[in-house]
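Numbering (my numbering), first residue to last: 1 to 285. No residue lacks a Cβ here, since even glycine has one placed at the ideal position from N, Cα and C. Beneath this line is the structure, given in structure tokens, with notes to follow.
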Ligand code: ARG
């Protein structure tokens with residue numbers, strides 16, 4: 001696994017684009033409740049270690065030339081580090097979250113206030129949705145997950161707000177409860193025909209698998225083994241793909257396709273059921 005942040009020459013098909021991301025330092029990170037199968041409140045967590053690992057992720061993005069903005073962590077909200085759930089933003093419009101479980105609901109106003117204070121137009125949500133955890137922009141299309149967190153109503157809502165095609169996909173395995181645990185967007189900026197994704201077919205119902213197969217015939221199918229350490233929960237700038245360090249199979253698949261995988265160890269944050277992507281919200285201004 002690549003430890004260095006050196007950027008080798010991109011292949012012609014894959015060129016990196018600088019991105020802007022929102023992150024939240026896990027100052028209050030712990031696992032004190034259980035809202036997904038990964039979380040075991042009886043098991044101890046190490047907040048200092050979570051912070052150190054998160055800082056490595058932060059530095060990795062800085063090294064790749066991305067710009068990182070930060071939201072202030074709030075005491076008593078240990079999951080706030082997973083900023084991907086804080087909203088979904090396209091063209092300066094931030095659709096706010098409405099969390100499924102009461103434990104995370106106080107995060108919603110904090111994220112929406114941050115968006116408003118930072119020049120985004122906030123679209124207040126009507127339906128239960130967990131932001132970019134369940135909504136992924138691929139080319140001009142929004143892939144939208146349901147089954148565990150975001151509701152089908154939220155899919156209709158984002159179609160109206162953003163005026164884009166929304167493709168609903170149903171997750172069926174509780175370990176992969178957010179869409180971003182089962183799909184990784186590798187080429188978000190290219191047209192749909194070329195856009196490439198990686199996913200775990202077994203995380204979806206049959207109808208969703210058929211849709212994915214038809215729309216993305218060249219997609220990378222990632223193993224259950226790599227997916228189980230949230231290998232798919234990754235961030236691509238179109239060339240550099242930041243992934244879980246232990247996802248070595250996925251790493252090889254990415255390399256074969258001309259991408260530059262960069263492994264980061266977020267084992268402590270995995271105790272909360274989140275990985276690289278969960279800690280990263282894309283700010284599309
Ligand atoms: N403990 C958090 C929850 O269950 C983890 C969120 C992970 N975020 C993500 N985008 N998949 O809500």
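Extract the residue ranges of the alpha helix (DSSP H) inside the stretch 88-124, only unbroken runs of 4 or more that lie entirely within it.
107-117
Got a sec: does the ligand ARG put a non-hydrogen atom nearer than 7 Å to the Cβ of residue 141?
no
With H, G and I counted as helix, E and B as strand and the rest as coil, what does DSSP make of residue 73?
coil
Smallest Cα separation from residue 127: which of 146, 121, 272?
146
Measuring alpha carbon to alpha carbon, tell me which residue in 74, 118, 91, 120 is nearest residue 105.
74
What's the call for residue 32, buried or exposed, on a 16-neighbour Cβ count within 10 Å?
exposed
Per the DSSP calculation, residue 33 is bridged to which residue(s)?
Answer is none; residue 33 lacks a bridge partner.
Mind checking which residues open and close the beta strand (DSSP E) that includes residue 261?
260-264
Would the stretch 265-278 count as touching the stretch 205-224 if we require 3 or more Cβ pairs under 8 Å?
no
Just checking residue 71 against the ligand ARG - is the residue's beta carbon closer than 7 Å to any of the ligand's heavy atoms?
no
Identify whether residue 282 lies in helix, strand or coil by the three-state DSSP scheme.
strand
Where does residue 199 sit, in a helix, a strand or coil, going by DSSP?
strand
Three or more C-beta pairs closer than 8 Å, one from the stretch 244-255 and one from the stretch 50-67: is that the case here?
no
Pick out whichever of 284, 227, 167 has its Cα sitting closest to the Cα of residue 199.
227
Could you tell me the distance, in whole angstroms, from the CA atom of residue 143 to the CA atom of residue 40?
30 Å
Identify which residue in 204, 166, 118 has its Cα closest to the Cα of residue 156.
166
Through-space distance from residue 92 to residue 162, alpha-carbon basis:
11 Å
Of all the options 263, 207, 133, which has the alpha carbon lying nearest to the alpha carbon of residue 176?
133
Identify, in the order they occur along the chain, each residue of the same chain with its Cβ nearer than 7 Å to the Cβ of residue 168, setting aside the five sequence neighbours on each side.
144, 146, 152, 155
Note down the Cα distance separating residue 206 from residue 62, rounded to an integer number of angstroms.
39 Å
Quick one, are the C-beta atoms of residue 237 and residue 70 less than 8 Å apart?
no
Straight-line gap, residue 89 to residue 241 (C-alpha atoms, nearest Å)
20 Å
Is residue 192 helix, strand or coil when you go by DSSP?
In this predicted model, residue 192 has a pLDDT of only 47, less than 50, meaning its place in the structure is not dependable enough to derive any value.
Sub-8 Å separation of residue 130 and residue 149 beta-carbons
yes
Is there at least one non-hydrogen atom of the ligand ARG closer than 7 Å to the beta-carbon of residue 84?
yes
Residue range of the unbroken beta strand (DSSP E) whose run includes residue 135
135-138
Residues near residue 261 by beta carbon distance below 7 Å, same chain, minus five either side:
2, 241, 243, 251, 254, 255
If you draw a straight line from the C-alpha of residue 285 to the C-alpha of residue 266, how long is it?
28 Å
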